[in-house]
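The sequence shown begins at 2 in my numbering and counts up by one. Heads up, the beta-carbon is just placed ideally off N, CA and C, and yes, glycines get one too. Report on the structure given below.
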Amino acid sequence: MNITLCLTDTKPEPWKAGLQAAFPDARITNWQPGDPQADYAVVWAPPQAFLDQQAGLRAIFNIGAGVDALMKSRLPAGVPVVRLDDAGMSVQMAEFVAHAVIRHFRELDGYEADVALGKWSYRKPRLRSDFSVGVMGLGVLGQRVAQALRLFEFPVRGYSRSAKQVEGIECFSGPVGGEGFQAFLRGTRVLVCLLPLTPETENIIDRNTLAALAPGAYVINVARGAHLVEADLLDALARGQVAGATLDVFRTEPLPAGHAFWQHPQITVTPHTSARTLREESIAQIAGKIRALQAGAPLDAIAGVVNPERGY
Ligand code: NAP
Ligand code: GLV
């Protein structure tokens, strides 16, 4: 068996070593133009020149959960793309989002500023029932985040494309902009974005979405920068419709020097780190899927196979 690696901005050696340990008899190489056809590819942001030579692959494994960048490329016809399915990301996302929600709800930034001034201050406790959290995207990561927030007794609602029933979560579904989406927004104060980036979800957090949220809303975007219309968020912050935001992802990454988000007093910026790819977990997951495919498992038995029509 041949496995080719094409990992942009990622050191390939540890991935190669990990896969080699999982498959001692396999030939594992870092892709070079003109290489012979491999059976499987493990990729991150591969160039088009790579994809154009991969018509004979049995599967392409993406070492991230989001496949938006890959979906914009010309993919080899009939070759399935398999994304990471959790692989240690959902617990990271749950701790990151819970931290952001709690930090806002408990006004911890305000306390920190007071303490820095040597001030012993109290704020009136806020009502948890006023801080309903709406999670857009009830997939692998969104459901874990929603369940984590339930443990802190926030009212939690979720929005997905297809109808769902998730214990303790008020679920809404339907097309972006449709009645289910509007009803979801109307009851949401803290909006969390955990959608994949697709043509339907691009720019989903725009002025209309922000205006539909409860006044004094808070926005947490941990999905992709292109979900958010940046100017609309800045405007909603200036008008007080939105009280603040935690943004982990941006249209341009790294966030350019001088961008308004860097110094904005109501925006917390983190460098796309809310849920990192964990190498060991990811290699174990990819190796398990390769073993299953080698043993003849059908594609629909493999978690994380991307539906090319839906784009996620
Ligand atoms: P997933 O399991 O595929 O879940 C996606 C969810 O979004 C599903 O519930 C899906 O609905 C819903 N959805 C998709 N398109 C929709 C639409 N047009 N309208 C309404 N709902 C829609 O994905 P995941 O593993 O949870 O990951 C979600 C995203 O998180 C990734 O795509 C990636 O962009 C982002 N991410 C970010 C980081 C980071 O460090 N910042 C790390 C990992 C992932 P259905 O259930 O009905 O299909
Ligand atoms: C990170 O953003 C991922 O999609 O895994």
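Run through the DSSP bridge pairs and tell me what residue i is partnered with.
i, result
"F62", "V43, V83"
"Y160", "M137, F173"
"L186", "Answer is none; L186 lacks a bridge partner."
"L20", "Bridge partners of L20: none, in fact."
"A218", "V243"
"G253", "The question names Gly, but residue 253 in the sequence shown is Thr. In DSSP, T253 forms no bridge with anything."
"N3", "R28"
"V306", "V83"
"V167", "I170"
"L8", "W45"
"L248", "N222, V270"
Report, in whole angstroms, the separation of the C-beta atoms of residue i and residue j, which I expect to be a contact under 8 Å.
i, j, result
"R208", "E231", "No, R208 and E231 are not in contact; Cβ-Cβ is about 11 Å, not under 8 Å."
"A224", "E203", "Contact doesn't hold; Cβ gap of about 11 Å is too wide."
"I287", "F62", "5 Å"
"L229", "A218", "Going by Cβ atoms, the distance from L229 to A218 rounds to 13 Å, so no, they are not a contact pair."
"G65", "W45", "6 Å"
"V134", "L150", "5 Å"
"E282", "G89", "4 Å"
"G111", "R124", "6 Å"
"H105", "G245", "6 Å"
"R280", "P25", "19 Å between Cβ atoms; not a contact."
"I29", "K17", "5 Å"
"Q55", "A276", "With a Cβ gap of about 27 Å, Q55 and A276 do not count as contacting."
"V157", "D86", "The Cβ separation is near 22 Å, so there is no contact."
"L71", "W32", "The pair is not a contact, with the Cβ atoms about 15 Å apart (cut-off 8 Å)."
"I1", "V43", "Here the chain comprises residues numbered 2 to 313, so residue 1 is not present and cannot be evaluated."
Which residues bound the alpha helix (DSSP H) around residue i?
i, result
"L238", "231 to 240"
"L198", "Segment: none, L198 is in no alpha helix (DSSP H) and carries neither H nor E."
"R28", "From DSSP, R28 is part of no alpha helix (DSSP H) but of the beta strand (DSSP E) over 28 to 31."
"L52", "49 to 52"
"V102", "90 to 106"
"V223", "From DSSP, V223 is part of no alpha helix (DSSP H); its letter is neither H nor E."
"E282", "280 to 295"
"V116", "109 to 117"
"D69", "69 to 72"
"A261", "261 to 264"
Under 7 Å Cβ to Cβ from residue i, same chain only, skipping five residues before and after it: list those, please.
i, result
"L52", "S74, R75, L76, P77"
"I291", "Y41"
"A213", "Q183, L186, R187"
"V167", "L139, Q144, A147, G159"
"R129", "E154, F155"
"R59", "D40, Y41, L294"
"Y313", "V68, P197, T199, V307"
"V270", "L248, L256, F262, W263"
"A23", "I284, A288"
"P34", "A50"
"S91", "V141, L142, R145"
"V250", "N222, V223, A224, R225, G226, H273"
"D36", "T5, T30"
"L38", "Sequence check: residue 38 is Gln here, not Leu. So the list reads G57, once near-sequence residues are dropped."
Can you name, in chain order, every residue of its own chain whose Cβ lies under 8 Å from the Cβ of residue i, other than the five neighbours on each side?
i, result
"S174", "Y160, S161, R162, S163, A164, K165, G181"
"T9", "W45, A46, P47, P48"
"A27", "M2, N3, I4, L20, Q21"
Given residue i, which residues of its chain have a CB within under 6 Å of its CB, disregarding the five upstream and five downstream residues?
i, result
"G19", "I284"
"R190", "F132, S133, A215, A218"
"V193", "V98, V136, I221"
"R107", "none"
"P176", "none"
"S122", "D115"
"L300", "P81, V306"
"P272", "none"
"Q267", "L238, G245"
Determine the extent of the beta strand (DSSP E) in which residue i is found, giving its start and end residues.
i, result
"L192", "191 to 194"
"N209", "Not the beta strand (DSSP E): N209 falls in the alpha helix (DSSP H), residues 208 to 213."
"V1", "Residue 1 lies beyond the range of the chain shown here (2 to 313); nothing can be said about it."
Please enumerate, following chain order, all residues with a beta carbon closer than 5 Å to at least one heavy atom belonging to ligand 2. Going along the chain, the residues that qualify are G65, A66, G67.
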